[in-house]
Amino acid sequence: MDTKLFEEVDRYIGDLLAPEDKALTESLQSMQEEGMPSISVTANQGKFLQVMATLCRASSILELGTLGGYSTIWMARALPENGRLITIEVDPHHASVAAKNIARAGVSGKVEIRVGSAFDILPAMIDKGEGPFDLVFIDADKPPYAEYFQFALQLSRPGTLLICDNVIREGRVLDAGSTDDRVKGVRRFNKMLSETPGVRAIIVPTVGVKEFDGMALAVVL
Ligand SMILES: C[S@@+](CC[C@H](N)C(=O)[O-])C[C@H]1O[C@@H](n2cnc3c(N)ncnc32)[C@H](O)[C@@H]1O
Numbered sequence: 000m001d002t003k004l005f006e007e008v009d010r011y012i013g014d015l016l017a018p019e020d021k022a023l024t025e026s027l028q029s030m031q032e033e034g035m036p037s038i039s040v041t042a043n044q045g046k047f048l049q050v051m052a053t054l055c056r057a058s059s060i061l062e063l064g065t066l067g068g069y070s071t072i073w074m075a076r077a078l079p080e081n082g083r084l085i086t087i088e089v090d091p092h093h094a095s096v097a098a099k100n101i102a103r104a105g106v107s108g109k110v111e112i113r114v115g116s117a118f119d120i121l122p123a124m125i126d127k128g129e130g131p132f133d134l135v136f137i138d139a140d141k142p143p144y145a146e147y148f149q150f151a152l153q154l155s156r157p158g159t160l161l162i163c164d165n166v167i168r169e170g171r172v173l174d175a176g177s178t179d180d181r182v183k184g185v186r187r188f189n190k191m192l193s194e195t196p197g198v199r200a201i202i203v204p205t206v207g208v209k210e211f212d213g214m215a216l217a218v219v220l
């Protein structure tokens with residue numbers, strides 16, 4: 000694979016269609032300064048999420064895995080004035096950095112950060128009758144992706160779009176004998192997705208400035 004060419008093409012697309020404003024570049028800078036991992040979606044992927052939110056005319060979005068709020072900002076910017084995005088983050092330090100970034104981007108009025116594990120927060124949301132959401136973006140820890148997806152389905156309605164990031168993992172997902180918990184988690188998720196009735200789904204490979212990976216897209220029928 001010519002990774003240099005993939006990177007150049009990704010930058011070409013980004014320069015044309017996904018330029019970052021000051022708030023987005025400062026979000027990435029703040030994460031670096033705070034010693035957080037560099038695992039946000041790329042600018043083009045952020046714009047992709049924004050286009051998807053626009054396509055489903057989303058006024059309610061649920062995100063699992065906030066980190067520094069980079070993907071949150073991209074998606075929140077697609078919301079109408081009365082739109083709402085709930086983002087779940089287990090790490091309080093990540094959540095506090097994200098809160099500042101989201102405020103700097105001018106979207107804090109639309110965004111609520113819930114601090115805690117998605118594994119606890121999602122069942123509580125289902126019990127409380129929250130949702131349905133128009134768009135769900137799953138980007139938290141990989142081992143329980145299958146469970147997160149099943150919870151998310153219970154917070155959905157026909158037409159809800161569910162997007163799950165990092166399900167190809169540089170092709171390591173092909174290795175049935177992998178001992179990596181993240182690979183095992185997404186392999187289990189991908190198989191479950193293929194067997195889930197009531198959704199129309201596909202995995203879109205992603206390649207560019209970050210490693211070769213893939214996003215699963217599923218629409219509730
Ligand atoms: C890949 S990062 C999210 C990146 C972010 N969506 C973006 O693109 O800007 C994953 C985040 O999920 C968080 N996380 C890990 N386990 C979690 C859990 N059980 N519940 C909620 N968040 C979790 C991590 O702390 C990390 O901040």
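Following numbering that gives the first Met the number 0, the numbering of the sequence shown begins with 0 at its first residue and continues without gaps. Note that CB positions come from ideal geometry on N, CA and C, so glycine has one too. Nothing here was measured: the structure is a model prediction, and the numbers come from that model.
Between the Cα of residue i and the Cα atoms of the options, which residue gives the shortest distance?
i	options	result
residue 128	4, 107, 64, 153	153
residue 183	165, 209, 195, 25	165
residue 19	72, 1, 63, 2	72
residue 119	16, 21, 63	63
residue 215	22, 130, 144	144
residue 209	168, 33, 26, 95	168
residue 58	159, 175, 179	159
Looking only at DSSP bridge pairs, what is residue i linked to?
i	result
residue 214	203
residue 88	114
residue 134	60, 160
residue 83	59
With respect to 8 Å, is the separation between the Cβ of residue i and the closest non-hydrogen atom of ligand 1 below this value?
i	result
residue 139	yes
residue 32	no
residue 150	no
residue 43	no
residue 189	no
residue 111	no
residue 87	yes
residue 90	yes
residue 117	yes
residue 136	yes
Helix or strand or just coil, what does DSSP make of residue i?
i	result
residue 59	strand
residue 219	strand
residue 181	helix
residue 66	coil
residue 76	coil
residue 167	coil
residue 172	helix
residue 8	helix
residue 198	strand
residue 122	helix
residue 101	helix
residue 40	coil
residue 190	helix
residue 106	coil
residue 141	coil
Is residue i near ligand 2, in the sense that its beta carbon is under 8 Å from a heavy atom of that ligand?
i	result
residue 132	Ligands present in the displayed structure are limited to ligand 1, and ligand 2 is not among them.
Can we say the region 42-54 touches the region 106-116, given the rule of at least three CB pairs closer than 8 Å? no
Can you find at least 3 beta carbon pairs, one from the region 61-71 and one from the region 127-145, that sit closer than 8 Å? The way I'd put it, the region 61-71 does touch the region 127-145; three or more beta-carbon pairs between them come closer than 8 Å.
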